[in-house]
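Notes for the one structure printed next.
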Amino acid sequence: METLFTNIINDGAEDLFRSIGRRISGNDMLRIKDAFTLAKEAHAEQRRKSGEPYILHPLAVAKIVAKEMELGANPIIAAFLHDVVEDTHYTLDDIRSRFGDDVAFLVGVVTKQTKEKSVKSKQVDNFRQMLASVQYDVRALLIKLADRLHNMRTLNSMRPDKQMKIAGETDYFYAPLANRLGLYQIKRELENLSFRYRCPREYYMLKEYVDRYKQTFEGRIEGLAAKIREDLFSKYGIRVRTEIRYRTPYSIWRKMQSTGCDFNHIDIKHYLRIIYANFSLSEKDASLGIYSALTDMYKERPGSVVNYIDTPKENGYQSFHVMLLNPYGKWEEVHISSERMVRNARLGCAADQREDAAHSWIEKFKRLLQDIALHSNEIEFMEGVTSTFYNDDIIVFTPKGQEIILPSGATALDFAYEIHSDIGMHAEYARINGVLQSIKTELRRGDCVEIGTNPQVLPTPDLLEYASTYKSKRNLKTFFASREKLPYKRCAKCHPLPGDEVIGFKTDTDIILLHKRNCPVAIRQASQQGDSIVAVSFPENPAFFYPARILVRGVDRYHLLSDLIECITDRQRLSMTKLTTETVDHIASCTIDFLIHSMAELQATIDSILQIESIDEVKRIDVE
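Spelled out as structure tokens, the structure:
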């Protein structure tokens, strides 16, 4: 058995060295082989959970870094050594003296930290350490992703509880990180492997469905791809190659969850990628040329075009997407991409190894991390990062054409805060593509958004439900935390106002629960819990508004409604939130909701309304 493992290790190493030989200098190759030798020696006595020699793991990670990510010598060396400091007697100083500062830095980043007493979560702290490294070098994240990818590929040897923990971390953090870095192939694999261990029954069921679908339709799909290749060349002189990409079980499952459909009714189970190279035209013109040719041959689904060439995703993804009606009466999703776009989709930020290739992304990430670190605790750190930075992106525009990148699911409120915190703080409404909308409205890619502000408008607590970005959430939480807090809570049945005769009951949380003195709940509670009654004052506070509702009845007439509105908003200067009216046999009944400071203000409003012509009755009613 040991001889077999020795052969596997040596063959794997030789395969790696051979695959990188053309792009790695002779001196760097010697350093890589030296790192392999050191790792093999350091891990010689160690075994994985599967019983295999441990060296197979760093060898596999190095292969991912070298062959699937196409990184240079130092990341490959760091991949070989990524567990040496953590699991053996070697130190970072040993690594530094033998391989240099750069390798030592990379190894240090991917080495798990020893948990300090002040740290609430070891995992969060490891994430924080790893994410902070992007301020200096994104290669550290890529090595960590390679490490996680191989761990997921070999997760079957772990206990079920460990499988669930690691799969959950992968789905929550590593797969979205791969997506953000533009590593679509790795992202897909991580998501699917995580799904396999989190939901094994659903995974294997859908895998069987996908396999059966491929067996049934593969010939037809490949025939269509071949016909497209032939027709593009024979009719238009355009030479392309094609790829067929089937949805993974996880992708199918997610689609089923979002649409409520079963497998048979998911409309897109694969897509066809058309890839071109060596065009004299620009990539945009070449893609449009192929698109034009395809729509001459096949009917296009209206509104299906998505142009990621002019407006790439923030992670760099580019392609031209369209839905075409195939000869079998089904919509076919087609991606038109250059060889460069395909390579970038596979390698992400590693596709261009110049230092400035991911500069913009890194700078934005650095600013975000600094902000989160300043304003968040340990647990909120990860929530802040994932909510803002690991979703798919949408691009929206200001009226002047400025591009604003927001996470998918963002609202007009998030847009307002992204423009400026003051605009978000006083946002009153939005015009989305010229149409008046609430600031709670979810935005779509390509929307043109204008925010209307009002200095009198301030955020209400319900807006937290519509905040998607870290920036908007933090600003809202900071605002609410800074506001004066009431030491009491109002009864949900009688809704007392400042100026009402009230009674207070001390609760277990030391918050005073206020009731009107004639409230049935208060009377019953006083008889049962008399010792909890406390003296209480409920004065008017200009900083706080309370919802109030009145019922107005009178003889209907011309301008009655406008007179009511003018009385409340102009004369009493109150903010109306709702008005409903019904007229039966010339008797008008209006229910009006508005915000007030006190009972005295409510009574003044009632008295003022009673002066309006034809009004017969005004009374306060409880707000549900």
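Per the working numbering: the sequence shown = residues 451 to 1074.
We treat Cβ as the ideally placed atom computed from N, Cα and C, and that holds for glycine.
- Note on geometry: alpha-carbon atoms of Leu893 and Gly859 lie some 7 Å from one another.
- Distances from the CA of Asp681 to each of Asp537, Ile636, Ile740 and Leu1011 were compared; the closest alpha carbon is that of Ile740.
- Phe988 is not a Cβ neighbour of Gln975, given a cutoff of 7 Å.
- The count of Cβ pairs closer than 8 Å, one atom from the stretch 594–602 and one from the stretch 634–644, reaches three, so the stretches are in contact.
- Here the C-alpha atom of Cys1017 lies approximately 36 Å from the C-alpha atom of Phe865.
- Put simply, of Thr957, Ala998 and Leu964 the residue whose alpha carbon is nearest the alpha carbon of Ser982 is Thr957.
- For Gln975, the uninterrupted alpha helix (DSSP H) run begins and ends at Pro970 to Gln978, by DSSP.
- By the Cβ test, the stretch 748–755 is in contact with the stretch 769–780, since at least three Cβ pairs between them sit closer than 8 Å.
- Residue pairing by DSSP places Gly1004 opposite Ala1038 and Ile1065 in a beta bridge.
- Listed in chain order, the alpha helix (DSSP H) runs fully inside the stretch 585–663 are 589–603, 610–619, 625–630 and 634–648, counting runs of at least 4 residues.
- Straight-line spacing of the CA atoms in Tyr622 and Tyr647 works out to 14 Å.
- Using a C-beta cut-off of 8 Å, the stretch 523–534 makes contact with the stretch 487–494, since at least three inter-stretch Cβ pairs fall below that distance.
- Scanning the stretch 505–571 from its first residue to its last, the whole alpha helix (DSSP H) runs of 4-plus residues come out as 506–513, 523–531, 534–537, 542–549 and 551–560.
- Here Val515 is not near Pro503, since their CB atoms are 7 Å or more apart.
- Rounded to the nearest angstrom, the gap between the Cα atoms of Pro849 and Asn904 is 19 Å.
- The criterion of a C-beta distance shorter than 7 Å is not satisfied by Val846 and Asp912.
- For the 7 Å CB-CB criterion, Thr692 and Ile724 form a contact.
- Counting only residues of its own chain and dropping the five nearest sequence neighbours on each side, Ile616 has a CB closer than 8 Å to the CB of Asn601, Met602, Leu605, Met608 and Tyr647.
- Ranked by how close their Cα comes to the Cα of Pro937, the residues Ile961, Lys943 and Ile953 have Ile961 in first place.
- Bridge pairing for Tyr726: Val690 and Ser788 [DSSP].
- Residue pairing by DSSP places Lys1028 opposite Asp1043 in a beta bridge.
- In the structure shown, Gly902 adopts extended strand secondary structure according to DSSP, grouped into three states.
- Counting only residues of its own chain and dropping the five nearest sequence neighbours on each side, Asp1013 has a CB closer than 6 Å to the CB of Ile1062.
- Tyr700: member of the alpha helix (DSSP H) spanning Pro699 to Thr709, first to last residue.
- Ranked by Cα distance from Leu964, the first of Gly558, Gln979 and Pro946 is Pro946.
- Shown here for Val792: same chain residues with a beta carbon closer than 6 Å to its own, the five before and five after excluded, namely Ile725 in chain order.
- Counting the other Cβ atoms within 10 Å of the Cβ of Asp950 gives 16 or more, which makes it buried.
- With 16 or more other Cβ atoms inside 10 Å of its own Cβ, Gly766 counts as buried.
- Here Ala489 carries a helix assignment [DSSP, helix/strand/coil].
- Spanning the alpha carbons of Lys677 and Lys657 requires a straight line of approximately 28 Å.
- DSSP places Phe955 within a strand segment (E or B) once states are collapsed to three.
- The straight-line gap separating the alpha-carbon atoms of Val559 and Asp465 is approximately 27 Å.
- When only Cα atoms are considered, Tyr686 and Glu733 end up about 17 Å apart.
- Residue pairing from DSSP places Phe847 in a beta bridge opposite Glu853 and Cys898.
- Under a 10 Å Cβ-count criterion, Ile1037 is classified as exposed, with fewer than 16 other Cβ atoms of the shown protein chains found around its own Cβ.
- The C-alpha of Leu506 is placed about 16 Å away from the C-alpha of Thr538.
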